[in-house]
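S.K.:
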Amino acid sequence: MMKIKEVATKLNTTQRTIRFYEEKGLIQPDKGDNDYRYYTEQHLWKLQTILSLREVGMSTAQIKKTLMSEEEVGRYLNMQRSALYEEWLEIKDMIGTIDQMIEKNEDQELVKEDIFALADQLKTLKEKRKGWQDQWNFDSQARGYDESLKMNGYRFNVHENYEDALAKAIESIRPLKGEKGVDIGTGTGNLGSKCLPLGAHVIGVDQSEEMLKVCKEKHPDIDVRNGHFLALPVMDGEADFITTSYALHHVTEQEKELALREMDRILKPKGRIAIVDLMFANAHDRARVIKGFEEEGNQEALYAIEDEFYADRSNLVEWFKQLGYTVHTHSFNDILHMVYAEK
DNA sequence: TTTCTTACA
DNA sequence: TGTAAGAA
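Under UniProt numbering, think of the first position of the first sequence as 1, with each following residue one higher.
(1) Can you name, in chain order, every residue of its own chain whose Cβ lies under 6 angstroms from the Cβ of Met211, other than the five neighbours on each side?
(2) Kindly indicate which residue of Asp307, Ala165, Ala341 has the alpha-carbon position closest to the one of Asp240.
(3) Would you mind sorting Ser82 into buried or exposed? The rule is 16 or more other CB atoms within 10 Å of its CB.
(4) So, at 8 angstroms on beta carbons, what are the nonlocal neighbours of Gln165 in its own chain, with the 5 sequence-adjacent residues on each side left out?
(5) Quick check on Pro197: does DSSP put it in helix, strand or coil?
(6) For a minimum of 3 consecutive residues, which ranges assigned as the beta strand (DSSP E) are wholly contained in the UniProt domain "HTH merR-type" (1–69)?
(7) Inspect the beta-carbon positions of Val327 and Ile242 and report whether they are closer than 8 angstroms.
(8) Could you check what DSSP says for Thr326 in three-state terms: helix, strand or coil?
(9) Run through DSSP, which three-state label would residue 360 get?
(10) Are at least three pairs of beta-carbons, each pair with one atom in the stretch 106–120 and one in the stretch 250–268, less than 8 angstroms apart?
(11) If we ignore side chains and look at the alpha-carbon of each, how far apart do Glu105 and Arg54 end up?
(12) Lys3 to Met79, Cα distance in whole Å?
(13) Need the endpoints of the beta strand (DSSP E) that Thr243 sits in, please.
(14) Does DSSP put Val111 in a helix, a strand or coil?
(15) Could you check how far apart the C-beta atoms of residue 345 and Ile266 are, in whole angstroms? I think they sit under 8 angstroms.
(16) Please identify the residue among Gly292, Leu51, Ala281 whose C-alpha is closest to the C-alpha of residue 344.
(17) Have a look at Tyr145 and Ile98 and give me their C-alpha separation to the nearest angstrom.
(18) Where do the N-terminal and C-terminal ends of the alpha helix (DSSP H) with Asn284 fall, by residue?
(19) Could you pull the DSSP bridge partners for Phe280 from this structure?
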């Protein structure tokens, strides 16, 4: 039985901190008749983990949850990593615009407007990065996701050519042994897992906890991470290739450009990207296909298209080219396409 | 001496 | 979380 001072020095903290954790309900040491706190080995261990989690920025409230649910420390660490990545990206954005402001300021004289504009731009960028929300509630869809893939829509089957498309993506990427790939919006891992037998390390990113849980159960070898298109939990230039299927249409057309830049950030030079998704070849084609659905009175299709953000493939191609990529495209049907880009 | 509690920054 | 003050 140790008294608080001994514990504090041993763990390299202060007595105040230890009492504070008790106040927050994280630990309950035994109290003697003199009201002194006495700590056992178990208490020490617990305090040690509290301190460790605190060190990586987890709040006491989160730590409390983590400690109570015993089994899932990994899950909370995962979430914490994502949070830190988001903060990191935000800081990078801020530094970037400050650089631009300084440059403007040195160039010309009266450039307040430019600086205001840059600040405003930064603000919207921050909002986009944070403002991501799961409009379609994938957490609740997770369990039945693979089953629902097999079912066809009544008059509109978005998963027609699904397997062909996934196969084509892998065939284009040609993952090599030892390479690191990132599968964005990995869901239950249907696409990402196809890289595993080829010897690649796969990071599966998804914003839905439940999806990740299911994914991990199906494919234990996938390195599953919380995150989304606008804030990928991956370092700059870490990925040899990126895949994504049936996910980009959950991001608005405006955000898609930012999403491509985010992919560009994590991709190595010479890296490859394969995007398989519901999209239209271009604006004309979009009008043509929609008109077709209207003429046949296919409300189901029209509603589905309106509810989500099917990309304009020509825009994606254009953005990739601006970033210096070589781009190829492939159509599976009117609404299912692949964009393949090489850095 | 040591720890405790409470208040406040 | 750090600091301070009075009490046990």
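All C-beta atoms in this analysis are idealised placements derived from N, C-alpha and C, irrespective of residue type, glycine included.
M.R.: Reading it off the structure:
(1) Mapped onto the first sequence, residue 211 falls at position 211. Excluding sequence neighbours, Met211 sits near Phe138, Ala142, Gly187.
(2) Locating residue 240 in the first sequence gives position 240, where the first residue counts as 1. Checking every option, the nearest Cα to that of Asp240 belongs to Ala341.
(3) Locating residue 82 in the first sequence gives position 82, counting from the first residue. Flag for Ser82 reads buried.
(4) Here residue 165 is taken as the residue at index 165 of the first sequence, counted from 1. Residue identity differs from the one stated: residue 165 is Ala in this sequence, not Gln. Closer than 8 angstroms at Cβ, skipping near neighbours: Ser245, Val276, Phe332, Leu336, Met338.
(5) Within the first sequence, residue 197 is the residue found at index 197, counting from 1. Note: Pro197 maps to helix in three-state DSSP.
(6) Within the UniProt domain "HTH merR-type" (1–69), the complete beta strand (DSSP E) runs of at least 3 residues are 37–39.
(7) Looking up residue 327 in the first sequence gives position 327. Looking up residue 242 in the first sequence gives position 242. No, they are not a contact pair.
(8) Residue numbering aside, residue 326 sits at position 326 when the first sequence is read from its first letter. Here Thr326 sits in strand by DSSP.
(9) Absent from the structure is residue 360, since the part of the chain shown begins at 1 and ends at 343.
(10) Segments in contact, no.
(11) Here residue 105 is taken as the residue at index 105 of the first sequence, counted from 1. Here residue 54 is taken as the residue at index 54 of the first sequence, counted from 1. Here residue 105 turns out to be Asn, not Glu, going by the sequence shown. C-alpha separation (whole angstroms): 40 angstroms.
(12) Locating residue 3 in the first sequence gives position 3, counting from the first residue. Locating residue 79 in the first sequence gives position 79, counting from the first residue. C-alpha separation (whole angstroms): 34 angstroms.
(13) In the first sequence, residue 243 corresponds to position 243, counting from 1. Thr243 -> beta strand (DSSP E) spans 239–245.
(14) On the first sequence, position 111 is the one that residue 111 refers to. Per DSSP, reduced to three states, the secondary structure at Val111 is coil, with no helix or strand assignment.
(15) The structure shown does not extend to residue 345, since the chain spans only 1 to 343, so no value can be given for it.
(16) Since the first residue shown for the chain is 1 and the last is 343, residue 344 is missing from the structure and cannot be characterised.
(17) One-based indexing of the first sequence puts residue 145 at position 145. One-based indexing of the first sequence puts residue 98 at position 98. One Cα belongs to Tyr145, the other to Ile98, and the distance between them is close to 44 angstroms.
(18) Counting from one through the first sequence, the residue named residue 284 turns up at place 284. One point to set straight first is that residue 284 is His, not Asn, in the sequence displayed. First-last of the alpha helix (DSSP H) with His284: 283–295.
(19) Counting from 1 along the first sequence, the entry for residue 280 is found at position 280. BP columns for Phe280 point to Asp312.
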